[in-house]
Every structure is written in structure tokens, then in C-alpha cells.
Amino acid sequence: MPGDLLVHDQLRSIDQATLNNQFPWCLGWKDDLRNLFGAYVAAKQAQNVLDYDDLLLCWAEMMNDAHLAAELGERFDHVLVDEYQDTNRLQSNILLKLKPDGCGLTVVGDDAQSIYSFRAATLRNILDFPDQFKPPARVITLEQNYRSTQPILKACNKVIGFAKELFTKNLRSDRKAIERPLLTTVADEAAQARYVAEQILAGREAGVPLKSQAVLFRTSHHSAQLEIELTRRNIPFRKYGGLKFLEAAHVKDVISIFRWAENRSDRTAGFRILKLLPGIGPSTAARVQDEVERQPGSPDVLLGLQVPTAAADDWRGFATLIAAMSKGKGSWPAEFDLVRHWYEPHLRRLYDDAALRAADIGQLEQIAAGYESRQQFLTELTLDPPDATSGRARAPMLDEEYTILSTIHSAKGQEWRTVRILNVVDGCIPSDMATRTSDEIEEERRLLYVAMTRAKDQLDLIVPQRFYTHQQSKVGDRHVYACRTRFIPDSILDCFTFQNWHDRSQPASRSAKQTGATIDVGVALRRRWG
Numbered sequence: 001m002p003g004d005l006l007v008h009d010q011l012r013s014i015d016q017a018t019l020n021n022q023f024p025w026c027l028g029w030k031d032d033l034r035n036l037f038g039a040y041v042a043a044k045q046a047q048n049v050l051d052y053d054d055l056l057l058c059w060a061e062m063m064n065d066a067h068l069a070a071e072l073g074e075r076f077d078h079v080l081v082d083e084y085q086d087t088n089r090l091q092s093n094i095l096l097k098l099k100p101d102g103c104g105l106t107v108v109g110d111d112a113q114s115i116y117s118f119r120a121a122t123l124r125n126i127l128d129f130p131d132q133f134k135p136p137a138r139v140i141t142l143e144q145n146y147r148s149t150q151p152i153l154k155a156c157n158k159v160i161g162f163a164k165e166l167f168t169k170n171l172r173s174d175r176k177a178i179e180r181p182l183l184t185t186v187a188d189e190a191a192q193a194r195y196v197a198e199q200i201l202a203g204r205e206a207g208v209p210l211k212s213q214a215v216l217f218r219t220s221h222h223s224a225q226l227e228i229e230l231t232r233r234n235i236p237f238r239k240y241g242g243l244k245f246l247e248a249a250h251v252k253d254v255i256s257i258f259r260w261a262e263n264r265s266d267r268t269a270g271f272r273i274l275k276l277l278p279g280i281g282p283s284t285a286a287r288v289q290d291e292v293e294r295q296p297g298s299p300d301v302l303l304g305l306q307v308p309t310a311a312a313d314d315w316r317g318f319a320t321l322i323a324a325m326s327k328g329k330g331s332w333p334a335e336f337d338l339v340r341h342w343y344e345p346h347l348r349r350l351y352d353d354a355a356l357r358a359a360d361i362g363q364l365e366q367i368a369a370g371y372e373s374r375q376q377f378l379t380e381l382t383l384d385p386p387d388a389t390s391g392r393a394r395a396p397m398l399d400e401e402y403t404i405l406s407t408i409h410s411a412k413g414q415e416w417r418t419v420r421i422l423n424v425v426d427g428c429i430p431s432d433m434a435t436r437t438s439d440e441i442e443e444e445r446r447l448l449y450v451a452m453t454r455a456k457d458q459l460d461l462i463v464p465q466r467f468y469t470h471q472q473s474k475v476g477d478r479h480v481y482a483c484r485t486r487f488i489p490d491s492i493l494d495c496f497t498f499q500n501w502h503d504r505s506q507p508a509s510r511s512a513k514q515t516g517a518t519i520d521v522g523v524a525l526r527r528r529w530g
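So for the sequence shown, the working numbering puts the first residue at 1; every next one is plus one.
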């Protein structure tokens, strides 16, 4: 593909509407962003690398050639796409050009679980799919649910039933139960943490393993108080929704070594590993990288370079390792063992939690053993990244028993016997940062639906009634009252069992006062806001 095509496609997205709708804080840097994008594309081409967007852009450009698109389409009798509600417009365009008549094309998805617009996914892809063809595509609705009890599904159906646009369906289950989902009010976030901790322990005593209990939340910081409470009570947990495997610094370090050995023009990888060495900063790393690029055919170039005195002790071992890898002397995956042994001292020097991070490197080495070559390993690892062990909130217990904390986005596709959802109030669900447009509000409704449908046997939606303001004294009592999320109006309260949790851990006189005020405010808010 011509280089200027990628530049054109990426710069074209920097228009006024995009900045107004998605990045209003960047309006003053429109021209600078154009220059930045242009320099970024030029750097990728110079280094002979692609990013994820380029994979789609190049594929889409290839499909603009009608003859080439037809040739590719004829190679496949059937094209099956899962999770179609999570695709973006570019992916949809590629698919429609691959099978323009729709013959042999099947997509599966749930419009009610389209929750990734921040990754450019659009609900329109699945809603508009049937009408992309003549005659229209056949729609088969799958309504039988094998996960949740019928009372849980009834509540879920009611919540999503208010959506502005959706494929009409009514989930049903043969799993009958009397227990309806709980709608629990608590005094504040601290009480919410204590309530959830108590319920987790009570559930475990009732025979529900910790691993079968999950706590879900809209945003990662919503679990902060709960994490402290669980730690205080020695309740083991793992948190999902934070750092991903390939985003972890130590994993990036190791992968960069292989990337640089594979492609010496990859300045990003080169800069990263050079700066791992003590005494080497950005200027020295740039000088070394420039020298390497001036001698692209010399694997031993590093051995002849002068480096700062602080880096001298580590330099020869590093240069020898890179030279051997560049010459292809080490067999795969044996060279991973060489890289790990070289990296371990730097891991201990750079990171306080080196032992936990070393477990990730060990996992990465096991993954590497499943590939025939370094090139295949780098390609597959980038396209299909695994999970991180260091992304856990704490190290696992010896008996590997722990409860799950997760953002709703990271919980999609998962299921647990018991699910508790934190902060089911306006401002949290929906997030106050996602209520600018009706489309954003509708996606927040789908987020709550996704969270609720993770539960198999028990579902508990927790509503703190007040939130304390920041920047006040330790004994300050400035707070704002919250109202139940707009997605659960009065008209569907019959799907839930309403309860108010009394926090017995507080002093009796204060608890009575707080409880009375909380109940009164709760009643007032329900009457006012529904």
C-alpha cells in the first residue's frame, strides 16, 4: 500500500466533529495532532512496523479492489462471525465486501451486550445487518437461557426493555426459583464495603465457594473501599479490569528484546531495552540506535560501541546476547532461557514486586514453547494476547480460593453463582462521564444489563445513599445524596426484593441516627426520581 494512503486515512479522522464529540479537550491542538499523526505514520514506515489500526486499514484498502475482494470471497464457502455487536464500521465494511450478496455469511451477537463504543464498536452494525442484503438476512432469535434463574431473567428483560432500539427478545429459563434479585440500600460506600464483605463470608458458610462469587462495578476505582475491607478481613480476591498482559512493563521489556533482535529498525523496542541498562539514558540510547541503523547488516555492531562507565559492566553481556540472537545462533525456544537469565537481575533492580512479575516471565516462556519460531511467537502473541498474573490485586492464597472483583467490561462472557453490583446509582451507573448523548446513556443501560446477566443463582444490586465529598477534615460530614439508577424505575420494582442493610459495626447511637435519616432520604428519592 502506498505510504501516503495510510497518512491520508489516519489524518482524515482528525476532523472537527471527531474532536468536538470525542476529544473536546484537544480542540486547541488540531494542527499539532495532524503533524503528530503524520510523524507517527512516517516513523512506522521507516521502522517497517504496523499497529492494530494498520491491519484493518490495509485490509480495507485491499477490499476496495473489486476483483481482489471477489477472489478472496470465493475462497470461503462460509464466513462465520461471533460477537458481531462488538465490531466497528471498518470491520463491517470488510465483511460486506467479502460477501456482498450475503451467501454463506452468518453473524452471531447480542445487541443488548454492545458495550465497547470506547473501542470504536458500533451498535448499528448488528441492528442494520439484516437490511444490508436483498432479500434481507434471516434473523434467528435465541431466547432460551441456560445460565440464570427465571426471576433474574425477568428483571434483566425489564431493564433492557426500555432500550430505544433493540431486536425484540424475551429471555427465558427452565431454572425456576422463588428468590428475586435483591435491591439493597446501604448508608454509604464504607457501609457498602462492609455489607459486601459480610455477604461474601456468609455465602461461603452457606456452601458457595469464593470463586463462585463476584463483585462487579462500572469503573475500577469504585472497588477501592471494598478492596481495603477485604484485605482487613483476610478475604482473598483477584481484581480484573486493570493492566493487561502485554501492557505490563516487565512483559514489554522481554518482548522488546525479541522484537529488536528480529527487526533492528524498531526504534521503540530498541529504546526500551537500551534504557534498561544502568547509566544509559535517552541520548545514549538514541546514539546507539543511530549507529545500529547505519550498520544494519552487522550483528556485532554493539560490541564495538563505547558506552558510559555506569553501563560498562552490563554492556558486553547485553551486546553478546543481541549479537547471538541477530545471527540466529540460538535455537527456539532455547534463546528465551538466555533472555530470561539476562533480564532477571534487571527485573530485581527495577521492580519491588519482582517475584510476582517473574511469574509472568515464566508464563511467557511457557507460551513461547508452543511456537516454532521467534517470528511466529511475536506475531501470534501480539494478535492473541493472554491474561496477566501480575494484574491480580494480590498474590493467590495457597488453597487458590479467592473471590472475584471485576469491572463490568471485563466480566462480559463470564458467569458466577452469586453476583453483587456496586454503586447502582445515577452518576455511577450511568457514569456521569457518559451521559452527554442518548447513545451513551443507552450503552450504560446495556452495561447494567450485562452485569445483571452474569448471575446464575443470586443477584444483588447495591445502592449507597450518600457519597462524601473530598477535601474536608477527617471528621467532616459533607456529603451528597444519591438516587437509584434511572434504569430501574418504580414500574419494575416488583421484579426485585427491596431491603435496607443495617450496619451493626457502627456505634449504636450513631447507627440509629444514620439509619433513620437514610431510610427517610431513600423514600424521598424513590418518590422523586423513581
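Glycine is no exception: its CB is placed at the ideal position from the N, C-alpha and C atoms.
Evaluate residue i with the Cβ neighbour count: other Cβ atoms within 10 Å of its Cβ, from every protein chain shown; 16 or more gives buried, anything less gives exposed.
i      : result
SER438 : exposed
HIS78  : exposed
ALA248 : buried
HIS222 : buried
ARG454 : buried
THR141 : exposed
CYS26  : exposed
GLN16  : exposed
PRO464 : buried
ASN64  : exposed
ALA155 : buried
ILE152 : buried
GLY281 : exposed
ASP32  : exposed
LYS456 : buried
CB-CB under 8 angstroms to residue i, same chain, minus the five flanking residues each way: which ones, in chain order?
i      : result
GLY102 : GLN132, PHE133, ALA137
ASP520 : Residue placement at ASP520 is poorly supported in this model, since its pLDDT is 32, which falls under 50; the coordinates still yield a value, given next. Cβ neighbours of ASP520 beyond the five flanking positions: none.
PRO278 : ALA310, ALA311, ASP314, ARG349
GLN47  : ASN263, SER265, ASP266, ARG267, THR268
ALA84  : The residue asked about is misnamed: residue 84 is Tyr in this sequence, not Ala. If we look at TYR84 and ignore the five residues flanking it on each side, its Cβ neighbours are VAL107, VAL108, GLY109, ASN125, ILE126, PHE129.
LYS164 : SER438, GLU442
VAL139 : PRO130, PHE167
GLU401 : PRO209, LEU210, LYS211, PRO236
PRO143 : In the sequence under discussion, the amino acid at residue 143 is Glu, which differs from the Pro named in the question. Around GLU143: LYS169, ASN170, LEU171, ARG172.
Would you mind working out which of the options sits nearest residue i, comparing C-alpha positions?
i      : options                        : result
LEU338 : TRP315, VAL254, ASP313         : VAL254
TRP315 : ALA285, LYS30, SER331          : ALA285
ALA533 : ILE280, ALA163, ASN170, ILE115 : As displayed, the chain neither begins before 1 nor continues past 530, which places residue 533 out of reach and without an answer.
HIS341 : GLU401, GLY317, THR141         : GLY317
GLY370 : ARG194, ASP494, PHE271, TRP332 : TRP332
THR87  : LEU123, HIS67, ARG175          : LEU123
GLU365 : ALA355, ALA334, LEU153, CYS156 : ALA334
ASP111 : VAL288, TYR343, LEU447         : LEU447
GLY297 : LEU276, SER283, GLU74, ALA323  : ALA323
GLN375 : TRP260, GLY38, LEU19           : TRP260
LYS158 : ASP494, HIS67, ASN500          : ASP494
ASP360 : LEU246, PRO299, LEU276         : LEU246
May I have the straight-line CA-CA distance separating residue i from residue j, to the nearest angstrom?
i      : j      : result
PHE336 : GLU440 : 45 angstroms
GLY161 : ASP51  : 39 angstroms
CYS428 : VAL41  : 38 angstroms
THR185 : GLU61  : 54 angstroms
LEU347 : ARG445 : 43 angstroms
GLN192 : THR149 : 25 angstroms
ASP54  : ARG34  : 17 angstroms
ASP352 : MET325 : 29 angstroms
GLN295 : VAL251 : 28 angstroms
CYS58  : LYS327 : 31 angstroms
GLN363 : LEU356 : 11 angstroms
VAL425 : LYS30  : 36 angstroms
LEU96  : GLN22  : 27 angstroms
LYS239 : THR403 : 9 angstroms
ARG233 : ARG194 : 10 angstroms
GLN458 : ALA66  : 53 angstroms
LEU98  : ALA120 : 21 angstroms
I'd like the list of long-range same chain contacts for residue i, defined as Cβ closer than 6 angstroms, with 5 residues on each side in sequence excluded.
i      : result
ALA451 : LEU216, ILE408, ILE421
In chain order, what residues of the same chain lie with their CB nearer than 7 angstroms to the CB of residue i, ignoring the 5 residues before and after it?
i      : result
VAL288 : LEU274, LEU305
ALA319 : LEU302, LEU303
GLN91  : LEU56
SER256 : ALA269, ARG272, ILE273
Please tell me whether residue i has its Cβ less than 8 angstroms away from any Cβ of chain D.
i     : result
ASN48 : Judged by its chain identifiers, the structure shown contains no chain D, having just a single protein chain.
Could you check whether the stretch 196-207 touches the stretch 367-383, counting it as contact only if at least three pairs of C-beta atoms, one from each stretch, sit closer than 8 angstroms? The answer is no - the stretch 367-383 does not touch the stretch 196-207, with fewer than three Cβ pairs under 8 angstroms.
When you compare the stretch 210-226 with the stretch 295-311, are there three or more beta-carbon pairs, one atom per stretch, that lie closer than 8 angstroms? no
Are at least three pairs of beta-carbons, each pair with one atom in the stretch 229-240 and one in the stretch 420-434, less than 8 angstroms apart? no
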